[in-house]
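Here is the structure we will look at.
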Amino acid sequence: MPIVRTLLFALAAAAIQFPPPAVDTPHRPAPEWLSPYRDAAARLLGDAMASDAAWQRLAYLGDTFGNRLSGSANLEEAIRWAVEEMKRDGLENVRAEPVKVPHWVRGRESLEIVGAAPQPLVLLGLGNSVGTPATGIEADLAIVHSFEELEAARDRVKGRIVLFNVPFTNYGETVRFRTSGPSRAGALGAVAMLVRAVGPAGLRTPHTGTLTYADGQPQIPAAAIPAEDAARLQRMVDRGTPVRLKLMMEAKFLPDADSANVVGEIRGRELPDEVVVIGGHFDSWDVGTGSTDDGGGCVATWEALRLMKKLNLRPRRTVRVVLWTNEENGGRGGLAYRDRHLAELPNHVMMLESDGGVFRPTGFGFTGSDAARAKIRDLSTLLAGIHADGVGASGGGADIGPSVQQAGIPAMSLDVDGNYFLIHHTPADTIDKIDPLDLARSSAAIAVMTYVVAEMPQRLK
Ligand SMILES: [Zn+2]
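Residue numbering for the sequence shown follows our numbering, starting at 12 and increasing by one per position.
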């Protein structure tokens, strides 16, 4: 299981660390074969842009249910609400498909400098971390800036609380210290691990996220601290001040809990067994309201179906929205979808996941055959009016990943221009960071792309 988990998290990281989309020849002239879809595309764009329905729905989700970690009552109540709302929208075959999910709880946590002048620090425990004993762990601090320095400093690390003080460069490069840092430090006898939060420096805002304990290594408690607190500790150590810290974390796992992927459809009018799947993950970390990661992706894809339904656009093939559960700390929703729909996967025409935020959309990442890419490039010209006509080098997502790999399904993701990593996994992931117009553009882009892929006579392949 840990290996599967490691792979999943590598996948999840890979899915969201794309460089800015490589936009190939934007604003190309629209090819002739798209003429039959021009009217529907204009209606979808017009209706999406004239409404703040998606933003209002996302605001309601966050305001009412709050954050939605796997195993929480918040998530399950939000799932029940989403099922009812999808039915109210007139979607078909609306259902919750059961998934067992890990149930990690944070509990109380604190970090302080102890000694003659005690000082509290800001922290946010890492997801899936073990806790400390009830009385906490008190130890001297050792700071390192790379895995190489950690290995070289093994004598200095034993019995200490180790801080990886590594400035954020990009997610893929920096997240390694969060995921493997605890086991790397634990293997050398460290008693706890701190990591400078993985994200651009914000306003003393820590980022949580999962760690991955390596098999056969001691499991030590681990937490993130904001850049400001990491810099403060660094200055003290540089000044020659011995720093002693006390870390207390109640974090623990409870037995696996019941959860579900939420599914809704517009059945195809000619080829209902061929399915285009779009969606996001409905769970979030247990801070903020998960509005960017990934309530926005859920609502934007869901909105695409609502718009089609409202405009009475029933494409040739079935369009299905899926709100996956447990992306953040287990990936069980994506695995359960693959297993439950295994027989049907060969009929999955395309899968699209939006999990990079719903800021101003620039287009879509795409992974598939050259012929399919050429089709998508043509099709994206329908989005030139909202400047969302880029086609990036690769597309995918952590939740669609298992199905895409199983059946070689063309995969897409929404590409956006926004400061996703400043916000994600923090208490600042709230609706006010999302511009209603950007969310409307995102919904519009997804609606047009999805509708035409589901409608065009030849299957995308
Ligand atoms: Zn996410």
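Don't be surprised by glycine CBs; every beta carbon is placed ideally from N, CA and C.
- Could you name each continuous alpha helix (DSSP H) segment of 4 residues or more that falls completely within the segment 413-450, going from the start of the chain to the end? 431-434
- Task: With a threshold of 6 Å, establish whether the CB of D226 neighbours any heavy atom of ligand 1.
- Result: no
- Message: Need the endpoints of the alpha helix (DSSP H) that K98 sits in, please.
- Response: A84 to R99
- Sequence-distant residues of the same chain with beta carbon closer than 6 Å to L135, five excluded per side: P217, T219 and A235
- Would you call T180 buried or exposed, if buried means 16 or more other Cβ atoms sit within 10 Å of its Cβ? exposed
- Answer with buried or exposed for A323, where buried requires no fewer than 16 other C-beta atoms within 10 angstroms of its C-beta. The sequence as given places Asn at residue 323; Ala does not occur at that position. Exposed is the call here.
- Message: Less than 7 Å between the C-beta atoms of M361 and I411, yes or no?
- Response: no
- Local Cβ density within 10 Å of A262, reported as buried at 16 or more and exposed below that: buried
- Please name the residue in V286, S380, E466 and R167 whose C-alpha comes closest to that of P47. E466
- Which residues have a Cβ closer than 6 Å to any heavy atom of ligand 1, listed in chain order? H292, D304, D305, E338 and D366
- the segment 252-262 contacting the segment 143-152, beta-carbon criterion three pairs below 8 Å: yes
- Query: Can at least three beta-carbon pairs, one atom from the segment 387-399 and one from the segment 332-348, be found at a separation below 8 Å?
  - Reply: no
- Provide the residue span of the beta strand (DSSP E) that contains R207, from first to last. A203 to R207
- Option in L433, V155 and P42 with minimal Cα separation from A164: V155
- Message: Starting from T312, trace the beta strand (DSSP E) in both directions and tell me its first and last residue.
- Response: Unbroken run through T312 is the alpha helix (DSSP H), G307 to K321; no beta strand (DSSP E).
- Message: Does S81 come out as helix, strand or coil in the three-state DSSP assignment?
- Response: coil
- Excluding sequence positions up to five away, which residues of its chain have a Cβ less than 7 Å from the Cβ of A33? Interpretation of A33 is limited by its pLDDT of 43, a score under 50 that renders its predicted location unreliable; no figure is taken from the coordinates.
- Task: Less than 8 Å between the CB atoms is what I'm expecting for A212 and A238, so what's the real figure, rounded?
- Result: 4 Å
- Query: Exposed or buried, what is E285 when buried is set at 16 or more other beta-carbons lying within 10 Å of its beta-carbon?
  - Reply: buried
- Item | Alpha-carbon to alpha-carbon, R384 and R317 | 27 Å
- Short check: CB of I289 to CB of T461, under 7 Å? yes
- Cβ of T223 within 7 Å of Cβ of I457? no
- Query: Going by Cα to Cα distance, which pick from S365, K320 and R371 is closest to F377?
  - Reply: S365
- Alpha carbon to alpha carbon, what distance is there between V112 and N358? 27 Å
- Under the rule that 16 or more other beta-carbon atoms within 10 Å means buried, what is S380, buried or exposed? exposed
- Counting Cβ pairs closer than 8 Å, one from the segment 92-101 and one from the segment 173-187, do we hit at least three? no
- Query: Looking at the structure shown, is G290 part of a helix, part of a strand, or coil, going by DSSP?
  - Reply: strand
- Can you name the residues that DSSP bridges to P372? V427
- Message: Helix, strand or coil for K472? Go by DSSP, reduced to three states.
- Response: coil
- In whole angstroms, what is the alpha-carbon distance linking K169 and M247? 20 Å
- Item | Residue burial classification, T75 (beta-carbon count within 10 angstroms, cutoff 16) | exposed
- Message: Rounding to the nearest angstrom, what Cα-Cα distance links R54 and P232 in this structure?
- Response: 53 Å
- Message: Please classify G306 as buried or exposed, where buried requires at least 16 other C-beta atoms within 10 Å of its C-beta.
- Response: buried
- Message: With H, G and I counted as helix, E and B as strand and the rest as coil, what does DSSP make of S295?
- Response: coil
- Query: Thinking just about the alpha-carbon of each residue, which of A64, V254 and A395 is nearest to the one in A476?
  - Reply: Absent from the structure is residue 476, since the part of the chain shown begins at 12 and ends at 472.
- Do G401 and G374 come within 7 Å of each other at the CB atom, strictly closer than that value? yes
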